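Undergrad:
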Amino acid sequence: MSDAPEILLAHHLKALKLPTFLREHQQLARQCAAEGLDHVRYLARLVELELIDRERRMVERRIKAAKFPAVKSLDSFDFAAIPKLNKMQVLELARCEWIERRENVIALGPSGTGKTHVALGIGLAACQKGLSVGFTTAAALVSEMMEARDERRLLRFQKQIAGYKLLAIDELGFVPLSKTGAELLFELISQRYERGSTLITS
1 MSDAPEILLA HHLKALKLPT FLREHQQLAR QCAAEGLDHV RYLARLVELE
51 LIDRERRMVE RRIKAAKFPA VKSLDSFDFA AIPKLNKMQV LELARCEWIE
101 RRENVIALGP SGTGKTHVAL GIGLAACQKG LSVGFTTAAA LVSEMMEARD
151 ERRLLRFQKQ IAGYKLLAID ELGFVPLSKT GAELLFELIS QRYERGSTLI
201 TS
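Per the UniProt record's numbering, the sequence shown starts with residue 1, numbered consecutively.
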């Protein structure tokens with residue numbers, strides 16, 4: 001029996017960018033045949049697998065683009081260790097409705113109270129909900145803006161940052177900023193006002 005149809009099908013599936021179809025269609029066809037399912041149900045299952053896998057890949061791309069220093073979820077956060085932290089409020093923030101409304105959040109507290117972990121968890125939740133996220137420290141962000149300004153690409157950098165649905169700025173106040181750096185940061189936050197959400201920890 002000629003392999004030509006299978007080769008042609010593989011070529012078409014690659015061209016259409018359907019990797020899950022390509023990987024699963026033979027095994028799923030055998031499984032559906034054994035279960036006595038018709039071609040419509042077979043196709044429905046195959047499409048569902050492709051959609052699930054595509055969403056997983058998109059989430060992975062958003063997480064990579066966010067540049068988290070570590071991927072942490074709120075599931076691994078020890079709320080019992082910080083009883084003053086309002087767990088229900090944090091979980092409400094993780095629903096990301098405030099991001100859809102373009103609101104902002106400031107998390108204040110002494111060092112070691114889990115602010116970064118909470119910010120990472122909310123950022124991860126936003127990625128999983130299909131929102132673009134950028135994560136950085138205040139010092140790193142200011143350093144990047146100063147460099148961009150010196151290289152005459154500050155406007156392009158600001159537009160890139162403005163594109164995030166959520167910008168998380170960690171450790172504001174942890175490292176003193178120069179007057180110019182503070183002005184650049186203030187300008188950036190002002191530009192995002194009512195255009196995108198900003199989460200600041202300090």
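The C-beta atom is built at its ideal place from N, Cα and C for all residues, glycine as well. None of these values were measured; they are calculated from a predicted model.
1) Pick helix, strand or coil for Gly123, following the three-state DSSP scheme.
2) Between Gly134 and Ile161, is the Cβ-Cβ spacing less than 8 Å?
3) List the endpoints of the continuous beta strand (DSSP E) containing Ile200.
4) Could you round the C-beta distance between Ile189 and Thr201 to whole angstroms and report it? I think they count as a contact, below 8 Å.
5) Does the pairing of the segment 140-151 with the segment 110-120 give three or more beta-carbon distances under 8 Å?
6) Distance check for Ile52 and Leu37, CA to CA, integer angstroms please.
7) Taking three-plus beta-carbon pairs below 8 Å as touching, is the segment 41-58 in contact with the segment 84-95?
8) How many Å lie between Gln191 and Leu155 at the Cα?
9) Please list the terminal residues of the continuous alpha helix (DSSP H) segment that includes Ala168.
10) Could you give the residue range of the alpha helix (DSSP H) that holds Ala162?
11) Which runs of the alpha helix (DSSP H) spanning at least 4 residues fall entirely within the segment 33-97, listed in chain order?
TA: Looking at the atomic coordinates:
1) The sequence position of residue 123 within the sequence shown is 123, counting from 1. Three-state DSSP puts Gly123 in a helix.
2) In the sequence shown, counting from the first residue as 1, residue 134 sits at position 134. In the sequence shown, counting from the first residue as 1, residue 161 sits at position 161. Result yes, Cβ atoms of Gly134 and Ile161 sit closer than 8 Å.
3) Numbered from its first residue, the sequence shown carries residue 200 at position 200. Its beta strand (DSSP E) spans residues Ser197 to Thr201.
4) Against the sequence shown, residue 189 aligns to sequence position 189. Against the sequence shown, residue 201 aligns to sequence position 201. About 14 Å separates the two Cβ atoms, so there is no contact after all.
5) no
6) Looking up residue 37 in the sequence shown gives position 37. Looking up residue 52 in the sequence shown gives position 52. When rounded, the distance between both Cα atoms is 21 Å.
7) no
8) As a working mapping, residue 191 is identified with position 191 in the sequence shown. As a working mapping, residue 155 is identified with position 155 in the sequence shown. Answer to the nearest angstrom: the Cα atoms are 11 Å apart.
9) Taking the sequence shown and counting its residues from 1, the one referred to as residue 168 is at position 168. It is not in any alpha helix (DSSP H) - Ala168 instead sits in the beta strand (DSSP E) that spans Leu166 to Asp170.
10) On the sequence shown, residue 162 is found 162 positions in, with the first residue counted as 1. Element bounds for Ala162: Leu154 to Ala162.
11) 39-66 and 87-93
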